[in-house]
Amino acid sequence: MNRHTKKKTMITLLTGALAFTVLGGCGDGAQDEGKASSDANASSEVKELKQTAPLKLVRRSLATRENGTDNQKVLEIIQQQSGIQMEAEVIPRDAYPDKINLLLASGDQFDFIEGQLVNWTTLKDKGSIMPLNELIDQYGPNIKTYMADALEVMKDKDGVIWGIPRRESFPTGYAPTIRKDWLDALGMQIPHTMKEFEAYMAAVKKTDLNKNGKNDEIPLLHSWNLNGLLQIFQPYFMGVESTRYLKDNQVIPAVSAPGYKEMLATFRNWYAQGYILKDFATINANQIKDLVLADRAGAYSGWYNSMVGNQITMNETNPNVSYEPLPPLEDAPSTGTAAWGSNAKYSSTLLIPSTSKNAAFMIKYLDWVLASPENVMLTMNGIEGENWEWVDKGQNTFTLLENATERYSGYYNLAEFNDPAIWPTYVPADYDISGKIDLKLRETYKNYKFVEPFDAAIPYTLTGTPAENLTGDGTTKIAEAQVQYIIGAIDEAGWDKAVQEYMEIEGNILTEVWTSQYQEFTSGKK
């Protein structure tokens, strides 16, 4: 993965999606935690054995990571230094959940599931993944040192650890960028309020800033269909960034919460004014890129560095093009706050199937990675002197050599855990223009306020609850209603009715389940 292409944890469009997007576990049926814990005890016998088969890693395709020309060379060094043998199978991202389902159903032995693409609580309830407490106690001293806090997000209410977390290198990144050169051309300053931002969008809409004679400027582009607006602006209107909302100690769907309708009404106005595209709900990433490179976008709502590569390309013909951070807007309504949205600091990244016979060696490998910055660097960035070099080893800073990420980019780092106590800090070299722009953006954004999901650590599960058999009809209908309201196909009364129907179909049931689990989990942590 390119160091400057952030792996996004995309917020689900709707509140009920948790029930219908999780990966269903397979196998021989539900496996109680006592049985699973017993299996973990049995695996301690591996302690005295030599590894008889390589770790089987079932990885998702990510950019060109799996095609790095140095992958095999790096693997051989890792295996020699760690004493752990590995082999990887790469699955296209879209097919990954189905492939994992098939492997679990067949009882095939493999050792690694990418936690970002599945719901670990569902797999735990199905008996499809392995508890890790005793394995970490036996083989993971460095895991316990560096991941002590992070492991909390992988625990159930009884304190059983069901996976290994990742730590975001820069979670606070769901924020807009704005064309500074267009602001200058309009004689305007960086907006600090919604009123000022809308004034900028109005000016972009009526001014031929790209000087092509067409007056085709788009004031605001955004990523991920409607999610690129929801995730970024939800804190401004609601004070939170989540598909759920905490109200009077009840966890309710965000669509029914204070500020949500006001947010959609603002998007509705932007649509009517032409500030966002008519096909905002269906446009894809390639179309967005084409519009940006055509010099038509006045601002972008999405991951903070999404425009870096586009800016570099545009600078080849227009050196003035500059996308700069938009500060949190200070005039938030009473239901909101002056902040942008954030990923959770910690999230699921690695799960071990219950069929694994190599679980001890997986934990040993992860622990070896965290034994030194050199091990982190080898697994994440490749070979010292060939792929990277130290800038200041005493300060734990490094730089990548030119074209290094094309040759190797973290293929055998299985739990990206960006703790500066062990994880070296990147310093861009002179050739790395994108790295320098990215660093400048980070230096600005780190001073802004961000809010992450309030319930990021809650291991919600629908298995065995009244919500287990929800069909998703409510989710589908409220998704359609959101778009209809924004484009003006239904009025405010129509939206209110849609929310009421959604709550009757599934929202009230989800509220009951979420609230019970939230209260049980948080009371157990006090």
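Going left to right, the sequence shown walks through residues -24 to -1, 1 to 502 as mature numbering (1 follows the signal peptide of the UniProt record, and there is no 0) numbers them.
Here a beta-carbon is modelled for each residue, glycine too, at the ideal position from N, C-alpha and C.
How is residue i classed by DSSP in three states: helix, strand or coil?
i: W490; result: helix
i: V231; result: helix
i: K333; result: coil
i: V345; result: helix
i: F146; result: coil
i: Q27; result: coil
i: residue 523; result: The requested residue 523 does not occur in the structure, where the chain is confined to residues -24 to 502.
i: V34; result: strand
i: K223; result: strand
i: T451; result: helix
i: P73; result: helix
i: W316; result: strand
i: L196; result: coil
i: K237; result: helix
i: S324; result: strand
i: I105; result: strand
i: I466; result: coil
i: I54; result: helix
i: I252; result: coil
i: I166; result: coil
i: K133; result: coil
i: E306; result: coil
i: K100; result: helix
i: Q85; result: coil
i: Y461; result: helix
i: K49; result: helix
i: M479; result: helix
i: P68; result: coil
i: residue 503; result: Since the first and last residues shown for the chain are -24 and 502, residue 503 lies out of range.
i: A257; result: coil
On the DSSP bridge list, what partners appear for residue i?
i: A275; result: I154
i: P301; result: T153
i: G91; result: Looking at the DSSP assignment, G91 forms no beta bridge with any residue, so it has no partner.
i: P141; result: S324
i: K120; result: DSSP lists no partner for K120.
Alpha carbon to alpha carbon, how far is residue i from residue j?
i: V268; j: N286; result: 7 Å
i: L486; j: P195; result: 37 Å
i: M164; j: Y176; result: 8 Å
i: E193; j: K181; result: 6 Å
i: N294; j: D157; result: 10 Å
i: G135; j: E350; result: 32 Å
i: D467; j: N201; result: 21 Å
i: P429; j: K26; result: 43 Å
i: Y384; j: N319; result: 26 Å
i: P167; j: F173; result: 5 Å
i: L376; j: S282; result: 20 Å
i: A161; j: A443; result: 54 Å
i: W471; j: S324; result: 35 Å
i: A257; j: F209; result: 16 Å
i: S420; j: W316; result: Before going on, a small fix: residue 420 reads as Thr here, not Ser. Roughly 13 Å between the two C-alpha positions.
i: M123; j: P435; result: 18 Å
i: residue 556; j: L327; result: The shown model of the chain, from -24 to 502, leaves out residue 556, and the question about it has no answer.
i: I481; j: A270; result: 44 Å
i: E110; j: T441; result: 29 Å
i: I154; j: F86; result: 46 Å
i: L354; j: E360; result: 7 Å
i: P234; j: E306; result: 19 Å
i: N186; j: I462; result: 28 Å
i: Q476; j: D101; result: 31 Å
i: A64; j: K32; result: 6 Å
i: Y280; j: S330; result: 38 Å
i: Y341; j: Y322; result: 20 Å
i: T28; j: W96; result: 28 Å
i: G215; j: P304; result: 12 Å
i: N357; j: N245; result: 46 Å
Quick one: is residue i buried, meaning 16 or more other Cβ sit within 10 Å of its Cβ, or exposed?
i: R142; result: buried
i: N260; result: exposed
i: I288; result: exposed
i: N203; result: buried
i: A248; result: exposed
i: S82; result: exposed
i: A469; result: exposed
i: R69; result: exposed
i: Q371; result: exposed
i: P117; result: exposed
i: P396; result: exposed
i: N225; result: exposed
i: D431; result: buried
i: E300; result: buried
Practice task
Counting only runs of 4+ residues fully inside the region 359 to 435, write out the alpha helix (DSSP H) ranges in chain order.
Solution key: DSSP runs (the alpha helix (DSSP H)) wholly in the region 359 to 435: 380 to 383 and 409 to 421.
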